[in-house]
Every structure is written in C-alpha cells, then in structure tokens.
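2 protein chains.
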Amino acid sequence: MPNTLLYYTVRPRILIERRLPATTMPEQDSRTLPEFTRGDSRISELLGYLNQIADLQALGAIAEWDQNTAMPGGAADIRGFQLAALQGVLHELWTNPRLSNLLGALREPVQHASFSDADRGLVREALRAHDRATKLPRKLVEELARVQATSFEAWRSAKEHSDFARFAPMLSRTIVLYREVADRLGFVETRYDALLNEYESGMTSSKLDRLFAPVREVSKSLLQRINASGNTIDASCLAGEFPVEQQMALCERLLRNLGYDFSRGQMAQSPHPFTTSFGSPFDVRLTVRPMAAIHEGGHAVYEQGSASTLVRTPLAGGASSGAHESQSRLWENAIGRSRPYWQGQFSTVKEAFPTQFAHVDVTAFVRALNKVQPSLIRVEADEVTYNLHIIVRYELEKALINGDIAVETLPGLWNAKYRAYLGIEPSNDAEGVLQDIHWSFGFGYFPTYTLGNLYSAQIFHKLHAVFPDFDQRLASGDTAFALDWLREHMYAHGVIYQPEELIERVTNEPPNPEHFTHYLNAKFENIYSLPTTI
Amino acid sequence: MPNTLLYYTVRPRILIERRLPATTMPEQDSRTLPEFTRGDSRISELLGYLNQIADLQALGAIAEWDQNTAMPGGAADIRGFQLAALQGVLHELWTNPRLSNLLGALREPVQHASFSDADRGLVREALRAHDRATKLPRKLVEELARVQATSFEAWRSAKEHSDFARFAPMLSRTIVLYREVADRLGFVETRYDALLNEYESGMTSSKLDRLFAPVREVSKSLLQRINASGNTIDASCLAGEFPVEQQMALCERLLRNLGYDFSRGQMAQSPHPFTTSFGSPFDVRLTVRPMAAIHEGGHAVYEQGSASTLVRTPLAGGASSGAHESQSRLWENAIGRSRPYWQGQFSTVKEAFPTQFAHVDVTAFVRALNKVQPSLIRVEADEVTYNLHIIVRYELEKALINGDIAVETLPGLWNAKYRAYLGIEPSNDAEGVLQDIHWSFGFGYFPTYTLGNLYSAQIFHKLHAVFPDFDQRLASGDTAFALDWLREHMYAHGVIYQPEELIERVTNEPPNPEHFTHYLNAKFENIYSLPTTI
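Protein sequences, first through last, are from chains A and B.
For the first sequence, the positions run 12 to 545 when my numbering is used.
For the second sequence, the positions run 12 to 545 when my numbering is used.
Below you can see the structure in the form of structure tokens.
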C-alpha cells in the first residue's frame, strides 16, 4: 500500500511487493572497485545531490521503456507532458546554485592525488551536465523539443511519400537550431564537434577523419574484391519460418549463456530493439529480436558490469555512445558472428528450431550469418559495408552543420556517395536520404557506430592477446572468461574515464583503426576465399 | 532519440515512438463536461502548477506499475531510492509558498457563483494535499516510511510462523506514529477519523457505525438462515484446469465487452490484481485474473470515464476509495455475478474453455459464482460474508487507534469476533489476525471496502429505476447503456464532489445502507430458496 500520506497514487492500492531473489553478480575483487572519497564532505555532498538527480532520471527512463514496450496509443500526448515535467525538474537541479558552488569548490582540488579517479570523473561529468544546462537557455531547449516533434512527423510523411521536399524545411530549421546549440556549447575546431561531444566526449571530427579514412578505403576495396571473386554464400537457411515465441525463448537462452543477469534486468519486445537502464548495475532492461539480442546483450552486460560503488551517480553505465557500441558490436559481430562462438552455441539454436535447422551444420550457419551483400539500407548491412553507410552519413551531417552544403543538395549528394562507396544507388528518397529517423532529432550520433566497430576490433585483438586459447574457449561454450575480463578492465569503471582514455587503458594503445581493417580483411578473405593481404 | 541535451537517458537511443491509433472514447455531450474557469488568472495559474504535480505523480505510478508487473528482484533497493526522490520533489511542490499564496487568494472567492464546481473541487483537493504536506513534518513522514518497511518484514515473518508476537512490537510502533499523524492532521470526534479521511474524505466513524450496523445484522442473519436451510450449491464446475493463457484471453474479451478501452490502457499479470492510472482518462492500466478482471475493470472504466477536461489535475480519477470500490463491486458483484449478465456473456466463457464448460449451463455457472461459504480468509469471501470480514477489521482498527484496546489483546478479540459474526474461528494467527498486509502500513482503509458495497447497491438500485429493462439489456449482452449512464452521471465528474455528495447526486439520496441489505436478502433468498423477508 503506497503511503497515500505522500499523495502518491491515484487511489490507495494494496500491493504486495514482488520480490524475486536478488542474486549477487560476481563483482571484481573489492580492492579494484572504484571508490569515491566519501570522507571529503564536498564529495559526499556532491554525491548526495547527484544521487537525487540519477534517481529522478531513472524514473524518466522507466517511463520511456514503458512508452516503447507497452504504452497505449491514447497516452502519447500525456506521456509527453510527464516527461517534460521531469525535464523541468532536472533542469532546475542541474542549474541550481548549490551545485555550482559545490563544483566550484571541487574543480581544482579534485585534481590532487588525494582524490580518486572516480572523484575526478564525477566532477567532470557533473560539470559537463551543469555547463550544458546553464549554457542552453530554457527557451532554446523547449523550441528544439517542439521542432523535433514536428520534424519527426515531417520525416515520417516524407518517407511514406518518398518525397524529400516534405522534410527539407524542418531539416533546415533543425540545423539552424543545432548550430545555435553548438555555438552556445562552444567548440575549438568546428561546430560539428560541439554536437559530436554530446555523444562522444573528447572526440573531434579531425580525429574521426583520421580514424575513418582507412576504414572507408579497406571496406570499399574488400567489397570490390568480394564482388570480383564471384564467390557467393547461400543464406537460405535463415529465411525459414521462425515463430516469435520460440525466437524469444532462444533470445533468453542466448542472453543467459552470454552472462546477462536476469535478476537485474528484463527482456521484452519492441518494434526496434534497444537497451536502457533504470540504475546500473541493478536494473538494466533490453528489448530483442534474435541476433539483435546479442547486440543488445552487449549493451546490457556493459551496463550491468558497472561497479556497484558507482550506482546512482552519473558515472554508472557506459563511457560514451562509441564505448557502448563497441560492446554491442564486440558481442554481436566479433564474437557473435564467429565460428568458435557458434561451435559453442549452435546446439541451443538447434534445440529452439529443430525442424528449421535439421539439415544445417554450424559451418553453413556461420557462413549465412556473414553473407556480404551491399544494400541500400543501413540496418540490414553486413560487417563489410556497414561502416560505409555510416561514413556517408557522417560526411554529410558534418558538412550540413558546418555550413558546407545546402539542404536541397542532400539527396543528390547521398546518392552519389552510395554509388562511390557501395556501388549501388537508391532509386528514391525513401530508400535513400530519408531512411533513418536520426536527422529529425539531431546530429553527431552516426559516427559513434563506426567508432564502436573500431573499438570493438581493438578490444577483440586484446582479448586474443590475453587469452591465447580464446577461440577454443568460445568453441567449448564458455564466454564467461571474456565477460569477467571485460568487467574488470572496462565495465566496472563506468564513466570514470573519457572514452579514448578508457580504450587506451583497456588495450594499452590509443584508438587505432588498423585493428579493425585487419580484422575485416582477415575474416572476409577467409570466408570468401580471397588472396590474403596480411 | 531522446534529447540527450536534456541529460535524460543513460545512453542515447534511437527509438521510433510506438504510436497505436488513439481512439476517441465517446465523451458526454460537451455541454455537460465539467470546466475550469480558465479565464481567471488565479485558476489558470493554479492549474499550471497542479498539472506539473500530476505529471510527476504519474511517473511514480508508472514506476510502481513496473515494480509490480516486471521489475527484477535485484532492483528493489534502487527503486526505493527512485520513488523516495520523487516524493521529495512532490513534497517541495506541495509545500511551496507560491502554492500557499495561490490557494490563499482563491479559498474565499472560489465559493462565489461565478466559479464552477470544478474550480471549487480543485481548490479543495489542492488545499487537502497542501495541508497534509505542511502539517506532517518531513521527519515524521520519513520515519513512517522506514517503520512501514520494517513492519512489512515483521508481518511477513510473523505470518510465515503464525506468530503474532513477532509482529506486535512493530504494530505498536506503527500505531504510535499514526496517532501522531492523526493529531497533526486534526479531527473533530476521534483520532481514527483523521486517518479514515485520507481514504474517504468527509467520512467519520460515527457515520460508519450507523451505516455498518444494519449490514452486520443482516449479513449475520442471512448467513444463519442459509446454514439452517441445509441448501447447498455445487461449485465444482469452477474447480477444473484453466490454463493461464486462455484465462488472460478471456479476461481481455470480458474487459472489451465491459467497455474498457484498450487504446487508453493495458492489461498485465501480477501476483495481486490492481488498477492504476498514469493520467486519467488517457492511460489506465490493470492487472487481472478472471473475476478479478471484472472487479479491476470496474476500477478502470471509472478512471477512464473522467472527463478529459480534468486531465492532469487532482480532479481526474475516482472521488475516494469508497467511490472507487463501489464501481469495482458494482461490476464484479451486482452486475458481474448476476444471471442476466451471464446470459449475455456466458458464450464468451464457453468459447474460451469449450471442454471445461461443455456440460455446464448458465444457471449452474451463476449459482457456482454465488456459493456462500463462511471462510476465515477475507479475499476468498462471498458477498454475504465479505462485509463481516471488513467489519471485524474496522471495529478493531478503530479501537486500536483510539486507544480503546491493547495490541496484545488483538488475536483474542479477532477470534472472538469471527466466532460471533461468522460462526467460525481461526486455529492460528496466520489464518486469523495476520492474514492481511494492511496493518503493516496503516489504518483507515478497510471500511472503504464495505462502503463501496453499500454505494454499489444504491447505484445498482438507481440503474434499475432509470432502466426498467435493465435485466433484459444485460441478458442481450449489452452493458454499454449502463456504462454510458455511469460515465455521464458519475465518472465524468472525477473528484469534483466529496464522496457522499457524489453518491447523493448520482442516486438522489444520501448514503443509505438499506439498498445493500435489500439487495443481499433478495438475491440470496432467491438463490438459496429461503422464505422472503421483503
């Protein structure tokens, strides 16, 4: 019975709390858990303040989860009000002078050796959010929200009618607003960097250009060599009838095998798979489809791996969008589309779909999972072409924000880049420039997908160096050893380190695209029986 | 993609909003919809303020819904922090001087004829919440929350071991705290009234005593006459195997037939059925089991029937716990256990369970639903004995709060009252005084169950007066006519009127227990072939 004295519920209800047994996830050796310097009164006061914010943010995440898994259509408008009310409260908390004073008193001292890395990360992340909230006037944020809603509708209608002109005016308006956002947030080199930093702290487009150039060239070249070879893969075994209920049961088993902790999470269905957290590491949810289950499972085990000492702070969770994507891609692609992994897991698939896979062996299954087929649609892309899709978008959105191209030229430029990078060209805007929802909301997110692929290959390489018997272990059905290592060396640290620093700590090397280009060439030269380049 | 500039989500996610088509529920003739006097700047400012509170409260209700339908066990502690953080925000909003000033400026003027009933209700409900928040110091509320948590554990352990002594100390502590709550809230006659008012505004125990006395006597006497008659009912047709999935499908069909609008709600499973709202009338959820589905459906159609003009205010929803229970009982019992209703609906049941009900006709089914069987357990009680269970609890909790009895005497008094009212006696505390969770949380809720039964019979009587062909319509499968009438005359008005005034407006008569005693005698004299008293 919720306490109605706190005017909480619509009507008093008698509820017995549903308490599932809480398992304790194996945490790292307690000596290695990050710790805040709670003895310092400023740190402990800051923590109390940020705990409150994190708790309230979690309520928003719960409401969004519900919105995407269960909410009835009639509630769309009122849910918008509810989320907006919470954002108002959070805005006030982030701009509160008490927080300013606390951060002001800690900004310098926290750099001293007497403070921990967790303390420094905490102050850094709090300053980031505080700065954003104070730099962006309420009016701008509200107009952005309104424009996004309208822009989303315009995009949907434009896509339905395959007519870019219906979307162009709202896209132009969104660009104008985001340029103002960038100007207010500030940047060193280009406006675009200010937006990129929202998703990938510390990253710049000049760094991205250096990282992405070899990826673009190797991907293009590999695709051409595969096409030229005439070798093809028969993926028809994946085209059968797979009833949804059995698919969900399979997802659950694969996630359990992967190490996703169901006592600290839940799996559901939604039109688009996603992962969210209501307080890492204790409540991390995901929605799935098979294969997407392993991708979302990667996001989820990352969130579930946050040290419990970071709970209810801005440091719980993943270090950045790129860092997050590195884990979804590591598990989905580097591990999850490898032959050793399926040597260990294919029996689970066969049990779930005994008739569908009666005459399919693990070799044919893994080959089917890795079929390369240039497509116009990003979300259907294989590992070889995926980053080309991303690089098209990155190059275009960067130019849009920096004012180098006009909105009207976008469809033509899009099609030309597809021709140049993938060798195919959209026949209309719906399968071209209008295919993704992203630009109806903002800019700077796309490159983190490819960053994630680069980081995942670098970490995959490291795992092989640490575990010389990596493939044999996977083939025996064991993935826990890899998860344990990742938890200790990466996941436990949450958002304490900036993404590039984190990658360097995990792999002992700054971000380096060669790991990915090597990985891609080696894997697909083998699968398509091409002459080796390495 | 949620706007990460508002530091909202753990990580940016790309989500396409799931938009089911929003149907428009038939609203009452627009001339009869309650309206606020928005032209008055004080009313419009108050509305803006209360909208914000209602929006935030809804986020708490969403989190509680999740807690009871989906939340993993590992999240129990962190969810507690999240709900507490929200309560802190709400407490500040309710005690804010800006609200005090607004209410002070409206308290007198709003009584003038130039303001609407909705305006008066709004100010009244806002004052109630404001007064509560200002009268109860934060420390007391927090201690209450702590004691409730401990008390819940003590109750669970005591029930498990059937040992009242394990619960007694925490029960005593809870009573002490609630006496302080009552003293701070204030009361005219007895302390208990202050707590009762939390659930049933305007009700007092002296009024309840008058209302309950005839119910107690008629129920006791009817039970004795049924027992003495030797007539029995064979309810074995309800004891078969009913797979959960088919049960849920049946619940969905019965709810649709009843008029529950799935485009503004959702059905789920939980250990205990309940109804909640995230913003009536647009998002009203319920969890179900069969029969409980009709009970919860009654709560839900009441919430869904709130006029849309009341949305996002404290006036959206049900007028009180008793008013709410009147609708769950009206649909579950007065309508839902009647022969005419099942003449219209039994084919749906037979379609859901063709083998189980192959040889059962509607007469046998309805008789089975109405079997009278004194039991020690309230939640299993039939219509004849149910209120005796409640009156035992009401009499005891009133005496506890008013200081008329000592905690230690409770088990003995409980057993004696069961012997006197129901003719049976618990053999241990688990099936006696420890059976309900309620007293680990508070006092004053129990009587609203019986009030609901009284009100439901009075409204049922009114429906028959308005619709002389009521039974024939039900038997033809039509319930929409009754729902429409209830929406117009009761549901649309939300919390505008105090519960007793509302009942009088709906039935043209103040609360009168004779409708219930007549209903009970007539129904069960017929079912059990007793000599008629009326």
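Every residue, glycine too, gets a C-beta built ideally from N, C-alpha and C.
On a predicted model such as this, the values are computed, not experimentally measured, just so you know.
Check: With DSSP run on the structure shown, which of helix, strand or coil describes Gly50 of chain A?; Outcome: coil
Check: Give me whichever residues DSSP pairs with Val377 of chain B in a beta bridge.; Outcome: Val377 of chain B is not bridged to any residue.
Check: In the DSSP assignment, find the alpha helix (DSSP H) that holds Leu624 of chain A and state where it starts and stops.; Outcome: Absent from the model: residue 624 of chain A. The displayed extent of chain A is 12 to 545, so no value can be given.
Check: Compare the C-beta of Arg109 of chain A against all C-beta atoms of chain E and say whether one is closer than 7 Å.; Outcome: Structure shown: chain E not included; protein chains present are A and B.
Check: Compare the beta carbon distance of Val373 of chain B and Gln354 of chain B with 7 Å and say whether it is the shorter of the two.; Outcome: yes
Check: Hey, quick one: how far does the beta strand (DSSP E) through Ala279 of chain A stretch, first residue to last?; Outcome: 276 to 279
Check: Report the three-state DSSP secondary structure of Thr201 of chain A (helix, strand or coil).; Outcome: coil
Check: How would you call Lys170 of chain A, buried or exposed, if buried means at least 16 neighbouring beta carbons within 10 angstroms?; Outcome: buried
Check: Using DSSP bridges, identify the partner residues of Ser288 of chain B.; Outcome: B:Val295
Check: Can you find the residues in the same chain that come closer than 6 Å, C-beta to C-beta, to Val371 of chain B, ignoring five residues on each side of it along the sequence?; Outcome: Cys248
Check: Between Gln257 of chain A and chain B, is the shortest Cβ-Cβ distance under 7 Å, so that the two count as touching?; Outcome: no
Check: If you scan the stretch 427 to 509 of chain A from start to end, which runs of the alpha helix (DSSP H) of 4 or more residues do you find wholly inside it?; Outcome: 458 to 477, 481 to 486, 491 to 500
Check: Give a yes or no on whether the minimum CB-CB distance between Ser212 of chain B and chain A is below 7 Å.; Outcome: no
Check: By Cβ distance below 6 Å, which residues in the same chain neighbour Phe163 of chain B in space, the five residues on each side in sequence not counted?; Outcome: Ser451
Check: Quick one: Cα of Ser337 of chain A to Cα of His526 of chain A, how far?; Outcome: 13 Å
Check: Within 10 angstroms of the Cβ of Ser240 of chain B, are there 16 or more other Cβ atoms? Answer buried if so, exposed if not.; Outcome: exposed
Check: Got a sec? Which residues, its chain only, sit under 7 Å from Lys146 of chain B by beta carbon, not counting five neighbours each side?; Outcome: Arg195, Leu196
Check: Taking only beta-carbon positions, decide if Val299 of chain B is within less than 7 Å of chain A.; Outcome: no
Check: Would you report the Cα separation of Gln257 of chain B and Ala330 of chain A, rounded to the nearest angstrom?; Outcome: 46 Å
Check: How about Gly505 of chain B and Leu387 of chain B: are their beta carbons less than 7 Å apart?; Outcome: no
Check: Could you tell me whether the stretch 483 to 502 of chain A touches the stretch 254 to 271 of chain A, using the rule of 3 or more Cβ pairs below 8 Å?; Outcome: yes
Check: Roughly how many angstroms separate the alpha carbons of Ala398 of chain A and Arg167 of chain B, rounded to a whole number?; Outcome: According to the sequence shown, residue 398 of chain A is Asn rather than Ala. Near 56 Å, if we compare the C-alpha coordinates of Arg167 of chain B and Asn398 of chain A.
Check: Using CA atoms only, rank isn't needed, just tell me which of B:Leu101, B:Gly85, B:Ser55, B:Arg135 is closest to Ile65 of chain B.; Outcome: Strictly speaking, residue 65 of chain B in this sequence is Ala, with Ile absent from that position. Of the listed residues, the one whose Cα sits closest to Ala65 of chain B is B:Leu101.
Check: Give the single residue among B:Arg157, B:Thr298, B:Phe175 whose Cα lies nearest to the Cα of Phe285 of chain B.; Outcome: B:Thr298
Check: Might you give, ordered along the chain, the residues of its own chain that have their beta carbon closer than 8 Å to the beta carbon of Thr359 of chain B, omitting 5 neighbours on each side?; Outcome: Leu261, Arg264, Leu265, Asn268
Check: Quick one: list the residues of chain B neighbouring Ile89 of chain A, beta-carbon separation under 9 Å, in chain order.; Outcome: Asp66, Ala69, Phe289, Gly290, Phe293, Asp294, Val322, Arg323
Check: Take Pro32 of chain A and list the residues in its own chain whose beta-carbon comes closer than 8 Å to its own, dropping the five residues that flank it on each side.; Outcome: Summary for Pro32 of chain A: the model assigns pLDDT 37, below 50, so the residue's position carries little reliability; its value from the coordinates is reported in the next sentence. These residues qualify, in order along the chain: Ser274.
Check: Would you mind sorting Val187 of chain A into buried or exposed? The rule is 16 or more other CB atoms within 10 Å of its CB.; Outcome: exposed
Check: Can you name, in chain order, every residue of its own chain whose Cβ lies under 8 Å from the Cβ of Glu200 of chain B, other than the five neighbours on each side?; Outcome: Thr215, Ser216, Ser217
Check: Alpha carbons only, please: which of A:Gln68, A:Glu119, A:Ile237 is nearest the one belonging to Glu394 of chain A?; Outcome: A:Ile237
Check: So which residues of chain A does Ser339 of chain B contact, with C-beta pairs closer than 8 Å?; Outcome: Chain A residues near Ser339 of chain B: none, gap ~10 Å exceeds 8 Å.
Check: Leu133 of chain A to Gly290 of chain A, Cα distance in whole Å?; Outcome: 16 Å
Check: Helix, strand or coil for Thr34 of chain A per DSSP?; Outcome: Note on Thr34 of chain A: pLDDT 41, under 50, position unreliable in the model; no value is reported.
Check: Ser173 of chain A by DSSP, collapsed to three states: which one?; Outcome: coil
Check: What in chain A is Cβ-close to Gly276 of chain B, meaning under 7 Å?; Outcome: Pro83
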